[in-house]
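First up is the structure itself, then whatever we jot down about it.
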Amino acid sequence: MPLPAPLTGDQVYHACPEEKLDFLTTDDLQDLDQPYGQDRVLRALEFGAGIGAEGFNLFVLGPAGAGKHELVERFLSRHAARQPVPPDWCHVYNFRFSDRPGAIQLPAGQGQQFKKDMSDLAEELRTAIPAAFESEEYQARLQELQEEMAKRQHQGLFEIQEEANRNNIAMITTPAGFTFAPMRKGEVIDPEEYKKFSDEEKQLVESKVEELQKKLQQTIQQIPRMRKEVRERVHALNEEMVQLTLGGPIGELREKWSHLPKVVDYLDAVREDVVEHAEAFQDSDNGPPAGLLARYKVNLLVDNAETVGAPVIYEDLPNHQHLAGQIEHRARQGNLYTDFTLIRGGSMHRANGGYLIIDARRVLTQPMAWESLKRILSSGEIRIESLERLYGLVSTVSLQPEPIPVSVKVVLLGDRMLYYLLSHYDPDFLDLFKVEADFEDDLDRNDDCYELYARMIATMARALKMRPLERGAVARLIEHASRLAADQRKLTAHDRVLRDILSEADHWASQAGADTVEASHLQQAIDEREYRASRVRERSREQISRGVVIIATSGEEVAQVNGLSVLRLGASMFGQPTRITATARPGKGQVVDIEREAKLGGPIHSKAVMILSRFLASRYAGDGELSLSASLAFEQSYGGVEGDSASVAETCVLLSAISRVPIRQSFAVTGSMNQHGEVQAVGGVNEKIEGFFDVCREAGGVGGQGVLLPASNVEHLMLRADVRQAIAEDRFRIYPISHINEAIELLTGLEAGEPDTKDEFPANSFNRRVAECLEKFAEASKKRDSNGDANNGGGKDSD
1 MPLPAPLTGD QVYHACPEEK LDFLTTDDLQ DLDQPYGQDR VLRALEFGAG IGAEGFNLFV
61 LGPAGAGKHE LVERFLSRHA ARQPVPPDWC HVYNFRFSDR PGAIQLPAGQ GQQFKKDMSD
121 LAEELRTAIP AAFESEEYQA RLQELQEEMA KRQHQGLFEI QEEANRNNIA MITTPAGFTF
181 APMRKGEVID PEEYKKFSDE EKQLVESKVE ELQKKLQQTI QQIPRMRKEV RERVHALNEE
241 MVQLTLGGPI GELREKWSHL PKVVDYLDAV REDVVEHAEA FQDSDNGPPA GLLARYKVNL
301 LVDNAETVGA PVIYEDLPNH QHLAGQIEHR ARQGNLYTDF TLIRGGSMHR ANGGYLIIDA
361 RRVLTQPMAW ESLKRILSSG EIRIESLERL YGLVSTVSLQ PEPIPVSVKV VLLGDRMLYY
421 LLSHYDPDFL DLFKVEADFE DDLDRNDDCY ELYARMIATM ARALKMRPLE RGAVARLIEH
481 ASRLAADQRK LTAHDRVLRD ILSEADHWAS QAGADTVEAS HLQQAIDERE YRASRVRERS
541 REQISRGVVI IATSGEEVAQ VNGLSVLRLG ASMFGQPTRI TATARPGKGQ VVDIEREAKL
601 GGPIHSKAVM ILSRFLASRY AGDGELSLSA SLAFEQSYGG VEGDSASVAE TCVLLSAISR
661 VPIRQSFAVT GSMNQHGEVQ AVGGVNEKIE GFFDVCREAG GVGGQGVLLP ASNVEHLMLR
721 ADVRQAIAED RFRIYPISHI NEAIELLTGL EAGEPDTKDE FPANSFNRRV AECLEKFAEA
781 SKKRDSNGDA NNGGGKDSD
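Going by the UniProt record's numbering, the sequence shown opens with residue 1, and the numbers climb by one from there.
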């Protein structure tokens with residue numbers, strides 16, 4: 001078959017022609033109003049932000065660094081600016097149930113005024129009510145009540161005393177109370193003289209004294225009732241004075257807030273409470289208790305006075321308290337206490353009527369925060385409770401604020417795997433987050449995209465407040481964007497990486513004293529980023545150049561080939577060649593994957609080896625049984641091996657081990673293979689090629705080496721300048737292959753050979769040699785089996 005031609009320099013790199021960029025610097029370009037290439041996300045955001053049905057919250061999914069947060073916040077801010085400002089919310093004291101503070105909704109911006117009005121009222125109560133009790137009118141009426149009580153008490157005693165006097169009996173006051181004694185001519189009779197009274201006289205006196213004592217007892221028993229009556233009249237007087245004092249301020253407030261019935265009801269409750277506790281205001285020395293006045297203040301939970309449109313809130317620490325709010329406690333004399341003024345709202349309160357942006361991974365890693373978020377969205381109200389009380393961990397009595405109805409659109413930001421896991425494992429997730437906004441990883445690259453992508457770069461540069469970029473710098477960044485996307489027909493959509501490169505390029509332009517960012521500054525930024533992450537790569541190359549890790553880049557060897565792998569460390573990745581070896585001998589059709597047996601091979605790699613073994617059986621065994629015992633190994637590999645990108649190399653090295661045909665070590669191979677021998681695309685081809693190129697250069701120079709890669713990977717190539725130069729000078733070659741036969745011919749120099757109608761391969765072809773060797777293996781196996789059967793039979797006879 002005709003061999004594929006090596007790729008040219010133009011095929012391994014898609015340059016950005018500067019003539020496609022019609023500007024001198026990015027200052028000549030206008031900003032983009034909408035992010036370029038993210039139409040799907042924008043439509044999803046428009047739909048999700050506009051629909052009012054329940055459960056249509058959004059999950060914005062995409063890779064890290066795609067700029068999800070910035071795009072979502074910018075879009076929602078513009079969308080929210082056209083919406084009405086949501087109301088204010090406050091908590092007030094509940095005079096009926098002190099542990100259940102009430103919630104009051106007020107029009108946006110009026111919460112501050114209501115709070116000030118109640119604070120002013122409390123201050124006025126502090127001075128006005130004590131002043132009313134100190135007034136001459138109050139003191140005069142109080143004195144009148146007290147005199148009336150004293151008069152009524154004295155009147156009763158006076159009447160008894162008068163009656164006693166008329167009956168010649170004296171009413172004497174003693175420390176123990178009142179007592180009666182007979183008297184004559186105004187003088188109390190001596191006890192000795194009283195003994196001289198006749199029995200009749202004594203009976204009359206004692207009878208009258210007993211009568212007087214009963215009347216005195218009845219009169220004294222009336223005193224507590226009279227005092228109670230006076231206290232009630234004093235209380236009524238106090239209420240009357242407080243009512244008169246409150247009439248003006250409360251009346252004004254009722255008139256001012258008459259448009260809010262709940263506020264009017266609260267003001268009426270305040271008035272009743274002040275009247276009920278009127279006596280507490282009479283302490284003119286210390287004033288009314290601070291706790292009493294604090295009851296009349298307002299805890300402004302949500303203040304939208306400065307809000308324009310609907311709020312857009314980002315919660316960077318979405319735990320339960322920050323989302324749903326909390327009730328704080330303070331220490332007083334060694335004890336903890338709380339009241340309604342210590343209730344604090346959460347981001348759900350602040351975003352009520354607007355949008356709340358949350359990082360999905362962060363809310364899932366906070367204890368019980370995910371369940372709290374779902375409960376709020378499901379119930380449509382926010383209940384401020386501590387986690388301990390909510391989940392029954394403590395039984396202490398605390399406040400139970402009135403729930404606040406919530407209407408908020410929650411936008412979660414996360415990667416795709418997180419979205420799919422939640423969809424699969426959380427039955428509530430899809431009921432609450434019905435709008436999927438999926439970010440594009442890459443953008444299409446064509447002639448029409450250059451202007452828009454350049455404007456996107458200009459928009460980023462102005463946002464970073466950096467120097468303008470020259471046209472050449474923009475062209476170089478577009479080329480690098482294709483390299484980041486690993487596709488000549490795509491451009492990366494990862495904002496973070498592009499912003500970082502722009503910032504670094506601006507730094508190098510500053511170091512050079514340039515007024516604009518040139519292509520050289522951008523290239524320096526790219527090179528410096530690679531150098532900072534190159535320590536492990538350089539140590540790996542050093543191990544190869546010193547011969548510690550054995551890699552051959554010239555000559556021919558049987559059962560040995562250079563495979564290509566990619567190592568990813570953090571945000572960087574680099575390619576590294578790996579020697580793959582094989583052994584083959586007669587057997588039962590078994591191909592041993594040493595990596596799998598050593599538990600270093602992953603499931604995809606194991607699958608690739610199974611496909612390889614089935615390919616051998618299908619191609620060379622026909623309807624018979626494949627007689628082969630083979631093994632494959634990645635030499636000097638001490639970590640895990642995963643992926644199927646080495647299956648073409650493994651097939652070639654195993655066929656070399658069977659046929660004893662040597663393989664050119666100047667080539668490295670990458671590519672996946674199916675059961676029909678077709679070569680399939682793999683990842684990381686740029687890093688793999690450059691890794692082998694670097695090893696060849698350090699092993700004595702590049703001269704005739706090359707890489708075999710799948711033809712379907714050609715459009716993914718965006719190689720370094722030094723590799724492209726070597727390709728242009730024909731010192732390094734890249735061959736695109738579509739079938740295993742092409743790899744065989746390039747690696748061995750022999751014709752692979754196609755089977756004829758009798759399933760026989762051409763003479764002297766590589767596949768003919770493989771087939772002949774497998775036939776020998778089969779004959780050896782049959783001979784061994786027959787010898788074994790004979791031995792077994794002889795053994796039976798001897799028994």
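The beta carbon of each residue, even a glycine, is placed where N, CA and C say it ideally should be.
The criterion of a C-beta distance shorter than 8 Å is satisfied by leucine 709 and proline 736. DSSP places histidine 494 in the coil class of the three-state scheme, outside both helix and strand.
The Cβ neighbour count for glutamate 328, taken over all protein chains shown within 10 Å, is under 16; the residue is labelled exposed.
The Cβ neighbour count for tyrosine 425, taken over all protein chains shown within 10 Å, is under 16; the residue is labelled exposed. Histidine 521 and alanine 473 have their alpha carbons spaced roughly 8 Å apart.
Checking the DSSP bridge columns, you'll see serine 565 partnered with Gln576. In this structure, DSSP gives arginine 489 a state outside helix and strand, which the three-state scheme calls coil. Sixteen is the threshold: since fewer than 16 other Cβ atoms of the shown chains lie within 10 Å of the Cβ of leucine 336, the residue is exposed. Its Cα nearest to that of lysine 434, the residue Ile51 stands out among Leu125, Leu399, Ile51.
For a cut-off of 8 Å, the C-beta gap from serine 666 to threonine 553 is around 6 Å, short enough to register as a contact. Glutamine 146 is classed as exposed because its beta carbon has fewer than 16 other beta carbons within 10 Å across all chains shown.
Judged by DSSP in its simplified three-state form, valine 648 adopts helix.
Leucine 106 is positioned such that its CB atom lies closer than 8 Å to that of aspartate 88.
In the DSSP annotation of this structure, the continuous segment of the alpha helix (DSSP H) that includes tryptophan 370 starts and ends at 369–379.
When DSSP states are grouped into helix, strand and coil, aspartate 593 belongs to the strand group. Uninterrupted alpha helix (DSSP H) stretches at least 4 residues long and entirely within the stretch 181–262 occur at 191–195, 199–256, given in chain order. Residue pairing of phenylalanine 56 in beta bridges, as defined by DSSP: Phe433. C-alpha of alanine 5 to C-alpha of valine 685: approximately 18 Å in a straight line.
C-alpha of serine 540 to C-alpha of glutamate 754: approximately 41 Å in a straight line. As the crow flies, the alpha-carbon of glutamate 276 is around 8 Å from that of glutamate 239.
In the DSSP assignment, no residue is bridged to phenylalanine 766. Across the set Leu399, Met348, Gln524, the C-alpha of Met348 shows the shortest separation from the C-alpha of leucine 377. For aspartate 359, the enclosing beta strand (DSSP E) begins and ends at 355–359. Separation of leucine 125 and leucine 293 (C-alpha to C-alpha, rounded to the nearest whole angstrom) is 8 Å.
No Cβ-Cβ contact shorter than 8 Å links cysteine 16 with leucine 301. In the three-state DSSP reduction, histidine 480 falls in the helix class (H, G or I). Counting the other CB atoms within 10 Å of its CB gives asparagine 787 a total below 16, which places it among the exposed residues. If the five residues before and after lysine 374 are omitted, its C-beta is found closer than 7 Å to the C-beta atoms of Asp428, Leu432, all from its own chain and listed in chain order. A direct Cα-Cα distance of roughly 51 Å separates glutamate 715 from proline 84. Counting only runs that start and end inside the stretch 63–98, the beta strand (DSSP E) elements of at least 3 residues fall at 88–92. Of the residues assessed, glutamate 272 falls on the exposed side of the cut-off, its CB having fewer than 16 other CB atoms within 10 angstroms. Runs of the alpha helix (DSSP H) lying entirely within the stretch 500–539, each at least 4 residues long, are 519–532 in chain order. Methionine 610 and proline 762 have their C-alpha atoms spaced approximately 27 Å apart. Between leucine 342 and serine 77, the alpha-carbon positions lie close to 31 Å from each other. Under the 10 Å beta carbon count, methionine 456 is surrounded by 16 or more other beta carbons and is classified as buried. Considering only Leu418, Arg383, Tyr420, the residue with the shortest C-alpha distance to glutamate 402 is Arg383.
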